[in-house]
Amino acid sequence: MELIHYMRYALTLAKKGKGTTSPNPMVGAVVVKNRRIVGKGYHKRKGKPHAEYIAIEDAGSLARGATLFVTLEPCVHFGATSPCVDTIIKAGIKKVFVATIDPNPIVNGKGVKKLLDAGVDVEVGLCEKKAIELNEIYNKFITTGEPFVILKVATTLDGRIATETHESKWITDEVGRRYVHELRSWVDAVLVGINTISTDDPLLTTRLAKGKNPKRIVLDSDFRIPANARVLGDGCIIATASSQEREINAEVWRLSNDKTGRVDIKALLKEAGKRSITSILVEGGRDVYTSFLRNKLVDKFYIFIGTKIFGENGIPFVGNLGIQSLKNAINMEYTRVKRIGRNVLITGYPCF
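Here this note's numbering is used: the first residue of the sequence shown is 584, the next is one more, and so on.
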């Protein structure tokens, strides 16, 4: 039980890097000697020292003969920093508990092997499930080269995202909206369709929460975004299938179209991955949600349910998915339900 306590603390430290370490993983580490924590650290952002280095520096001479608890396998390669395994070996760490192996092909077991070869005792798997979930974004990106896709929707009790006149402000209360802004600060990019821009003219920033503003991707197949749209500016990306040339205050991605003539979202995800965008928060509207679900491109759901009812003429959050049998319905697994203000938040992973 005591071992779990130290690793859980390392995981808590790692979470402090949420939204700032991309494209690197979140990592936390603690150095323990004589049942006392003598050093701790976490990775803050790309290019900064890794968690193991910070924790060992914090421990100083007490690191020799101590035990290290780290949430991800220590690296073995030179990047912006030197290999963590070398730091561990040089410091004289006696034993290392690793929560989970790093799926990065450059590492992937090599860190553990090098430690064992140097005579360091290593155990892998303490709090492994929690450690894998912590870095679910990194894990997908480093193994596929494509971003982790989160579908976020705010619906009424009867599953509507707007009234029949397209009013949607606000379905959830301020506490719920502040949580969404915090969620935005954790991801690399948010994505909406052109209809959302035309109807709501959103900023898509994190003004209600601390943290960075993500990149803002607009799916605009025909390149018809108004020149005065509030989403435009630094960090805005227009993803279009049009060859039309326009002066616009945004980066433009010209992508292939699908069989309906719209931007091919599979091509969009590949392009995003090439540009080191590791996570995308899809925020609507209905046609965009439908496209991602039909193409089975959603990795996780964040579904906020407000306290209102709009009735059958309200706009449902998803369109026709071609599902005619209950056995073909999209199920959600590992579901969690949480109260956020007067709203309910359901998170989970789709089973396609």
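The beta-carbon is built from N, C-alpha and C at its ideal position, and this holds for glycine as well.
Keep in mind that this is a model prediction, so the values were computed, not measured.
- Per the C-alpha coordinates, the member of His626, Ile637, Ile676 and Lys616 positioned closest to Val703 is Ile676.
- Look at Asp841 here: in three-state DSSP terms it is coil, with no helix or strand label.
- If only uninterrupted alpha helix (DSSP H) runs of at least 4 residues are considered, those enclosed by the region 615 to 665 are 634 to 642.
- When the alpha-carbon of Lys697 is set against those of Pro666, Lys599, Thr726 and Asn687, the nearest one is in Pro666.
- Within the model, the alpha-carbon separation for Leu774 versus Gly889 is close to 22 Å.
- DSSP, read as helix, strand or coil, puts Glu711 in helix.
- Counting only runs that start and end inside the region 685 to 759, the alpha helix (DSSP H) elements of at least 4 residues fall at 693 to 700, 711 to 717 and 719 to 727.
- Distance from the CA atom of Pro608 to the CA atom of Ile860, rounded to whole angstroms, is 13 Å.
- Closest in C-alpha terms to Glu895, from the list Thr739, Gly905, Val705 and His626, comes Thr739.
- With distances taken between CA atoms, Val659 lies nearest to Val668 out of Glu719, Leu651 and Val668.
- Short of 6 Å from the beta carbon of Val705, and not among the five residues preceding or following it, lie these beta carbons of its own chain, in chain order: Val679, Val695, Leu698 and Leu699.
- Looking at the DSSP output, Tyr932 shares a beta bridge with Glu916.
- In the structure shown, Arg807 adopts coil according to DSSP, grouped into three states.
- Collapsing the DSSP output to three states places Ser605 in coil.
- Pro657 has its alpha-carbon roughly 35 Å from the corresponding atom of Ile848.
- Residue burial annotation: Gly816 is exposed, with fewer than 16 other C-beta atoms found within 10 angstroms of its C-beta.
- Here the C-alpha atom of Val881 lies approximately 11 Å from the C-alpha atom of Ile913.
- Residue environment for Pro809: exposed (fewer than 16 other C-beta atoms within 10 angstroms of its C-beta).
- Distance check between Arg799 and each of Lys616, Thr789 and Arg807 places Thr789 closest, using alpha-carbon atoms only.
- The beta carbon of Ala855 is closer than 6 Å to those of Pro730 in its chain, skipping five residues each way along the sequence.
- DSSP links Tyr885 through a beta bridge to Lys735 and Thr930.
- Setting aside the 5 residues that flank it on each side, Leu791 is surrounded in the same chain by Arg760, Arg761 and His764, each with a C-beta closer than 7 Å to its C-beta; the list follows chain order.
- Closest in alpha carbon position to Gly818, among Arg591, Val653, Arg858 and Tyr625, is Arg858.
- At least 8 Å separates the beta-carbon of Thr650 from that of Asn926.
- Under the three-state reduction of DSSP output, Ser862 falls in the strand class.
- Here Ile733 is near Val770, since their CB atoms are less than 8 Å apart.
- The distance from the Cβ of Leu904 to that of Arg877 is about 6 Å, consistent with a contact at the 8 Å cut-off.
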